[in-house]
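The listed protein sequences derive, respectively, from chains V and S. With this note's numbering applied, the first sequence covers 3 to 270. With this note's numbering applied, the second sequence covers 3 to 270. From the three backbone atoms N, C-alpha and C, an ideal C-beta is built for every residue, glycine too.
Protein chains: 2
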Amino acid sequence: MDTNENMEEAIEVLQQLGLKEYEARCFVGLSRLHSGTAKKLSEMTEVPRTRVYDAVRVLESQGLVEVQHSSPQEFRAVSLEEATETLRDQYEARVERLENTLGSVDIVDEGDDTPIQQVWSLSGQSGIENRTDQLIEEATDEVVLVIGDESLLTEDLVDSLNEVVSNGVTLIIGALTEPLEDQIQTKVPDATTFITGLEWLHSENTTEDETAIGRLLLVDRSTILVSSIAPGSKEEQAIFGEGFGNGLVVIARRLMAQGLVPAHDPGQ
Amino acid sequence: MDTNENMEEAIEVLQQLGLKEYEARCFVGLSRLHSGTAKKLSEMTEVPRTRVYDAVRVLESQGLVEVQHSSPQEFRAVSLEEATETLRDQYEARVERLENTLGSVDIVDEGDDTPIQQVWSLSGQSGIENRTDQLIEEATDEVVLVIGDESLLTEDLVDSLNEVVSNGVTLIIGALTEPLEDQIQTKVPDATTFITGLEWLHSENTTEDETAIGRLLLVDRSTILVSSIAPGSKEEQAIFGEGFGNGLVVIARRLMAQGLVPAHDPGQ
DNA sequence: CTTTTTGTGATTAATCGGGTGACTTCTCAA
DNA sequence: TTGAGAAGTCACCCGATTAATCACAAAAAG
Numbered sequence: 003m004d005t006n007e008n009m010e011e012a013i014e015v016l017q018q019l020g021l022k023e024y025e026a027r028c029f030v031g032l033s034r035l036h037s038g039t040a041k042k043l044s045e046m047t048e049v050p051r052t053r054v055y056d057a058v059r060v061l062e063s064q065g066l067v068e069v070q071h072s073s074p075q076e077f078r079a080v081s082l083e084e085a086t087e088t089l090r091d092q093y094e095a096r097v098e099r100l101e102n103t104l105g106s107v108d109i110v111d112e113g114d115d116t117p118i119q120q121v122w123s124l125s126g127q128s129g130i131e132n133r134t135d136q137l138i139e140e141a142t143d144e145v146v147l148v149i150g151d152e153s154l155l156t157e158d159l160v161d162s163l164n165e166v167v168s169n170g171v172t173l174i175i176g177a178l179t180e181p182l183e184d185q186i187q188t189k190v191p192d193a194t195t196f197i198t199g200l201e202w203l204h205s206e207n208t209t210e211d212e213t214a215i216g217r218l219l220l221v222d223r224s225t226i227l228v229s230s231i232a233p234g235s236k237e238e239q240a241i242f243g244e245g246f247g248n249g250l251v252v253i254a255r256r257l258m259a260q261g262l263v264p265a266h267d268p269g270q
Numbered sequence: 003m004d005t006n007e008n009m010e011e012a013i014e015v016l017q018q019l020g021l022k023e024y025e026a027r028c029f030v031g032l033s034r035l036h037s038g039t040a041k042k043l044s045e046m047t048e049v050p051r052t053r054v055y056d057a058v059r060v061l062e063s064q065g066l067v068e069v070q071h072s073s074p075q076e077f078r079a080v081s082l083e084e085a086t087e088t089l090r091d092q093y094e095a096r097v098e099r100l101e102n103t104l105g106s107v108d109i110v111d112e113g114d115d116t117p118i119q120q121v122w123s124l125s126g127q128s129g130i131e132n133r134t135d136q137l138i139e140e141a142t143d144e145v146v147l148v149i150g151d152e153s154l155l156t157e158d159l160v161d162s163l164n165e166v167v168s169n170g171v172t173l174i175i176g177a178l179t180e181p182l183e184d185q186i187q188t189k190v191p192d193a194t195t196f197i198t199g200l201e202w203l204h205s206e207n208t209t210e211d212e213t214a215i216g217r218l219l220l221v222d223r224s225t226i227l228v229s230s231i232a233p234g235s236k237e238e239q240a241i242f243g244e245g246f247g248n249g250l251v252v253i254a255r256r257l258m259a260q261g262l263v264p265a266h267d268p269g270q
């Protein structure tokens with residue numbers, strides 16, 4: 003019965019979704035009640051009674067709480083299903099508005115270009131994930147992918163892989179362990195799989211301060227993405243390079259020719 | 003060329019999506035550039051140059067911007083598609099976490115009950131929409147619905163209506179205008195439709211301070227929802243009552259018997 | 001070697017949100 | 001009727017966050 007922990011987490015998430023602390027506490031409180039007054043709510047949520055009214059009013063205007071205008075007035079939360087649906091709608095609307103507005107903004111560009119040796123870094127689980135998928139979908143010849151952790155083999159990734167392989171792209175996927183290799187074989191049957199020979203990828207003996215490799219992606223031998231997962235924070239970080247002559251890409255080709263794919267040498 | 007307005011709106015939306023002002027400005031600025039330095043960004047976004055670095059760092063950690071660690075370092079925004087996809091992923095993850103945590107929180111209830119004459123009010127477009135859909139889906143006998151504005155006939159609503167009608171529920175839908183009635187006939191072929199006789203529902207002569215009726219829903223003659231759309235703010239507000247003996251419901255039945263559905267008298 | 005540009009850190013100012021108490025109105029019971 | 005307590009509204013304080021400016025060291029550029 004970790005109801006308490008769950009409540010705390012729910013409050014946190016609601017704040018990430020844009021609610022203030024008092025609003026979040028009140029909503030969670032009301033979710034545990036069929037209906038309640040300001041006093042009761044205040045007692046159970048530790049929100050000052052006089053502030054419950056403000057908080058609830060905001061919640062009501064967002065469609066998360068209903069109010070009965072009696073005296074004393076009563077509040078109740080909408081069902082969890084209604085709440086999540088409403089939140090989703092809200093967000094979808096915002097993202098769409100962003101698409102429309104940003105999509106019709108003129109690009110000034112200013113031809114800012116040193117087109118050589120560009121190595122970019124980006125971080126954040128989902129951002130890297132999306133970039134990975136996108137790069138895979140743009141492949142025309144060959145995709146070499148090494149997956150460092152089971153959790154990175156997401157549904158979207160599998161979809162991208164299967165889509166591109168059906169376009170005739172050669173797909174070579176490496177795994178760290180046999181179970182993971184089996185999983186890949188099942189989900190992406192048309193891929194050539196292998197167990198990577200790069201021992202330093204392994205995170206078995208990952209101590210406190212050791213960084214584990216997350217993904218390693220080489221598309222058409224000209225675009226590379228390597229990601230690692232920071233030890234403590236679990237934050238994924240990646241570097242990313244484009245262009246056949248790109249230094250990072252060259253190194254990656256060498257590396258792979260050396261030991262990554264024993265039977266298949268992508269070097270020249 | 004209202005690029006400027008669009009930029010302002012994009013910045014606003016990004017803030018609603020959780021970014022700070024500087025972060026939002028920087029992202030929009032970078033979206034207009036193929037790549038840029040802190041100086042250029044500062045000039046075009048009016049963000050103090052020395053603060054650009056912080057803002058961009060946050061954006062990078064969210065997967066919205068990539069950084070090239072050269073000197074001077076260069077920044078560039080990920081594509082709009084990647085950005086929106088990343089934002090969507092983030093949000094979906096949060097909402098799911100909310101579902102899990104709130105779903106497994108114990109209900110204490112405290113049997114707080116004066117089960118008579120409860121009239122609840124709720125507001126917010128999407129909240130009311132979801133409640134409407136849910137009430138329709140719970141119907142077992144009859145649904146009477148009057149739609150005051152075309153924009154309220156959403157896809158989800160149509161789905162709910164068609165689902166419930168296939169379960170043998172009688173469906174009576176009123177419209178304010180003939181074109182709207184035609185639209186309903188097309189989208190929900192199994193419903194009985196009519197043009198409402200309640201003239202006061204019409205919003206034609208809506209002046210500044212006149213409130214227009216949004217929806218009017220009566221489910222199984224025991225649950226009622228009436229919504230109105232505030233003149234200036236466009237905010238939708240609704241009241242909602244349950245129970246056959248509920249005062250609001252009784253009034254609604256009378257009202258409908260009187261003039262709403264000429265040929266079909268739901269009163270007794 | 002000087003000058004400008006770049007990046008970091010600290011510092012100030014303003015805004016926002018959490019927290020508390022005064023005060024009016026309402027309800028209920030004596 | 002009246003008095004006590006509860007309900008609801010306001011206004012205020014204070015701490016934290018964020019916008020905005022400044023001072024300074026390192027690095028490029030000329």
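So with Cβ pairs under 8 Å, would you call residue i a contact of chain V?
i	result
I109/S	yes
E157/S	no
G65/S	yes
R217/S	no
R223/S	no
S73/S	no
D91/S	yes
L104/S	yes
E25/S	no
I163/S	It is Leu, not Ile, that sits at residue 163/S in the sequence shown. Taking Cβ atoms only, chain V never reaches closer than 8 Å to L163/S, which makes this a no.
Hey, could you find the ends of the alpha helix (DSSP H) residue i is sitting in?
i	result
G129/V	127 to 139
T47/V	40 to 47
G105/S	82 to 105
T188/V	180 to 189
V166/V	157 to 167
Could you pull out every residue in the same chain whose Cβ sits closer than 6 Å to the Cβ of residue i, ignoring the five residues on either side in sequence?
i	result
V146/S	I174, L220
E244/S	T225
T172/S	E144
E206/V	Only weak support exists for where E206/V lies, its pLDDT of 47 falling under 50; the value from the coordinates is given anyway. Correct list: empty, nothing qualifies.
Could you give the first and the last residue of the continuous beta strand (DSSP E) run that contains residue i?
i	result
T52/V	Where T52/V is concerned, there is no enclosing beta strand (DSSP E), although the alpha helix (DSSP H) it sits in stretches over 51 to 63.
I174/V	172 to 177
Y241/V	Here residue 241/V turns out to be Ile, not Tyr, going by the sequence shown. From DSSP, the beta strand (DSSP E) with I241/V extends over 238 to 244.
S230/S	225 to 231
V146/V	144 to 149
I109/V	Careful: I109/V lies outside any beta strand (DSSP E) and carries neither H nor E.
Q120/S	Neither: Q120/S is in no beta strand (DSSP E) and is coded neither H nor E.
V70/S	According to the sequence shown, residue 70/S is Gln rather than Val. It spans 67 to 70 - the beta strand (DSSP E) in which Q70/S sits, taken as one unbroken run.
A193/V	Element bounds for A193/V: n/a, residue is neither H nor E.
Looking at the C-beta of residue i, does it have a partner C-beta in chain S at a distance below 8 Å?
i	result
Y55/V	no
Q17/V	no
I1/V	No answer is possible for residue 1/V: the residues shown for chain V start at 3 and end at 270.
E101/V	yes
T47/V	no
V2/V	Here chain V comprises residues numbered 3 to 270, so residue 2/V is not present and cannot be evaluated.
L43/V	no
E68/V	yes
I231/V	no
T134/V	no
N8/V	yes
L21/V	no
T5/V	yes
S125/V	yes
A12/V	yes
Can you list, in chain order, the residues of its chain with a C-beta nearer than 7 Å to that of residue i? Leave out the 5 residues immediately preceding and following it.
i	result
Y55/S	A40
L89/S	L19
D135/V	D158, L159, S162
N164/S	V190
M272/S	Outside the modelled stretch of chain S, which goes from 3 to 270, sits residue 272/S, for which no answer is possible.
R51/V	A40, K41, S44
Among residues of its own chain, excluding the 5 on either side of residue i, which ones have a beta-carbon nearer than 8 Å to its beta-carbon?
i	result
K22/S	A57, V60
R217/V	I130, T134, L147, V148, I149, G150, L154, L227, V228, S229, A240
Where are the alpha helix (DSSP H) runs, 4 residues long or more, that stay fully inside the region 10 to 36 of chain V, in chain order?
23 to 33
How do the region 102 to 113 of chain V and the region 30 to 38 of chain S stand: do at least 3 beta-carbon pairs fall below 8 Å, yes or no?
yes
Are three or more beta carbon pairs between the region 77 to 95 of chain S and the region 118 to 128 of chain V nearer than 8 Å?
yes
Report yes or no: do three or more beta-carbon pairs, one from the region 134 to 141 of chain S and one from the region 69 to 77 of chain V, lie closer than 8 Å?
no
Per the contact definition of three or more C-beta pairs closer than 8 Å, is the region 45 to 52 of chain S in contact with the region 40 to 50 of chain V?
no
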